[in-house]
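Report on the following structure.
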Amino acid sequence: MATILAFAETRDGALRPVAAEVVSAARSLADEVGAQVVALVVGGPGTADAASDLARLGADRILVAEAESLSVYQPDLAVEILAGVVGDSDPTAVLFAASAQGKDLSARAAAHLGLALASEVTDIEVADGTPVVTRPMYGGKAYGRFRFLGAPALISIRPNVFSVSESPGEGSVETLPVSEATVPRTRVVGMEAAARAALDVREAPMVVAGGRGLQDADNWGLLEDLVAALGDGATLGASRAVVDAGWRPHSEQVGQTGKVVSPNLYFAVGISGAIQHLAGMRTAGVIVAVNKDPEAPIFGVANYGVVGDLFEILPVLTEEVRVARGA
Numbered sequence: 036m037a038t039i040l041a042f043a044e045t046r047d048g049a050l051r052p053v054a055a056e057v058v059s060a061a062r063s064l065a066d067e068v069g070a071q072v073v074a075l076v077v078g079g080p081g082t083a084d085a086a087s088d089l090a091r092l093g094a095d096r097i098l099v100a101e102a103e104s105l106s107v108y109q110p111d112l113a114v115e116i117l118a119g120v121v122g123d124s125d126p127t128a129v130l131f132a133a134s135a136q137g138k139d140l141s142a143r144a145a146a147h148l149g150l151a152l153a154s155e156v157t158d159i160e161v162a163d164g165t166p167v168v169t170r171p172m173y174g175g176k177a178y179g180r181f182r183f184l185g186a187p188a189l190i191s192i193r194p195n196v197f198s199v200s201e202s203p204g205e206g207s208v209e210t211l212p213v214s215e216a217t218v219p220r221t222r223v224v225g226m227e228a229a230a231r232a233a234l235d236v237r238e239a240p241m242v243v244a245g246g247r248g249l250q251d252a253d254n255w256g257l258l259e260d261l262v263a264a265l266g267d268g269a270t271l272g273a274s275r276a277v278v279d280a281g282w283r284p285h286s287e288q289v290g291q292t293g294k295v296v297s298p299n300l301y302f303a304v305g306i307s308g309a310i311q312h313l314a315g316m317r318t319a320g321v322i323v324a325v326n327k328d329p330e331a332p333i334f335g336v337a338n339y340g341v342v343g344d345l346f347e348i349l350p351v352l353t354e355e356v357r358v359a360r361g362a
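In terms of the numbering used here, the sequence shown opens at residue 36 and continues consecutively.
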């Protein structure tokens, strides 16, 4: 039976959120081409326990490679394991997340296997039994559709674009042998996270993002007050213009050249809504826009729009949120 292979990322022994998106996308593609979903999970001891959760997302087989040497992502070992699974299962397509790890591994796999790779994919269709993908081009100003001429097709999907859906598969878990004799050319000795108390903008359920309309970095306190009023689960975001101006760190940038987010609630304050920014947040559950220009493109995607001076609106909005939450 044909297969779709999904590489499910882990970190510190747990599945990353993008793993659910990749397996869900693989399930959707497999249903179209009449295939089964094989999920590959690579990690340290105990990874199999976390991997079993992929069954509810549509994985028919879950292949687990776990060893102490894999507790931290090791590129050479990971691509060797992946290549072995591709050779054994002969998949129609291999899906990765377009995360830092996924981009690294998918590119290495493409070079190692001599296959074509489509990265940052935002949509997958099937034509004549072959995957056809859509991905942004020219900084998000255009989208191209590409069909693979050979198999398997290597595809990395943009995080927070493909929805997670439960479609239970058989979920049998199989352990893969890991060769401890392999000497990698490169070795990751450790990972150190940046010191920050705030949620990552990609994972926060509520994002308050600001643009050039705030006029100066000193005015960011208005957004910080709103984040505080919203409480746990809220964090700050920023447009590219703001980051380029040095007002905010790149880690907060939302958009084509920043991070793609899909929170339950997204505030776009003083952001005009250039296509590059819209590409990074248009899948948010509820979008609230505050802008003094009634013709700003951001209102075209907003669920709620407030036309007016943000310096007058934000303090009132923040106070109303505090009252509503009883904070």
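Glycine included, every Cβ here is placed at the ideal spot set by N, Cα and C.
| Query | Result |
| --- | --- |
| Is it buried or exposed for S124, if we count other Cβ within 10 angstroms and need 16 for buried? | buried |
| Work out the CA separation of V208 and G225 for me, nearest whole Å. | 28 Å |
| Since A145 contacts A151 with CB under 8 Å, what's their CB separation in whole angstroms? | 7 Å |
| How do the stretch 261-270 and the stretch 305-320 stand: do at least 3 beta-carbon pairs fall below 8 Å, yes or no? | no |
| Using the three-state DSSP reduction, which class does I116 fall into: helix, strand or coil? | helix |
| Assuming V199 is part of the alpha helix (DSSP H), what are its boundary residues? | Looking at the DSSP string, V199 is not in any alpha helix (DSSP H), and its letter there is neither H nor E. |
| For A70 versus V57, is the C-beta spacing smaller than 8 Å? | no |
| Quick one: grab the DSSP three-state call for F42. | strand |
| Just the Cα atoms here: how many angstroms apart are T364 and R96? | Residue coverage of the chain in this structure runs from 36 to 362, which leaves residue 364 outside it and unanswerable. |
| Check whether the Cβ atoms of G315 and V296 sit closer than 8 Å, and answer yes or no. | yes |
| For the candidate residues V289, G268, V168, whose alpha-carbon lies nearest to that of V278? | V289 |
| Taking contact to mean at least 3 C-beta pairs separated by less than 8 Å, is the stretch 54-68 in contact with the stretch 127-145? | yes |
| With respect to the alpha helix (DSSP H) encompassing P166, which residues constitute its N-terminal and C-terminal limits? | No alpha helix (DSSP H) holds P166; the beta strand (DSSP E) holding it covers 165-172. |
| Determine whether the beta carbon atoms of V77 and A113 lie at a separation below 8 Å. | yes |
| Name the residue from Q109, A252, G266 whose alpha carbon lies nearest to the alpha carbon of R222. | Q109 |
| Can you name, in chain order, every residue of its own chain whose Cβ lies under 8 Å from the Cβ of G185, other than the five neighbours on each side? | L150, A151 |
| Among E347, L313, M36, which one has its Cα closest to the Cα of N254? | E347 |
| Taking C-alpha atoms, which residue in G343, E160, V242 lies nearest to K327? | G343 |
| Helix, strand or coil: how does DSSP classify R220 here? | coil |
| Which parts of the stretch 252-328 are runs of the alpha helix (DSSP H), unbroken and 4 residues or longer, counting only runs that do not cross its ends? | 256-265, 275-279, 310-313 |
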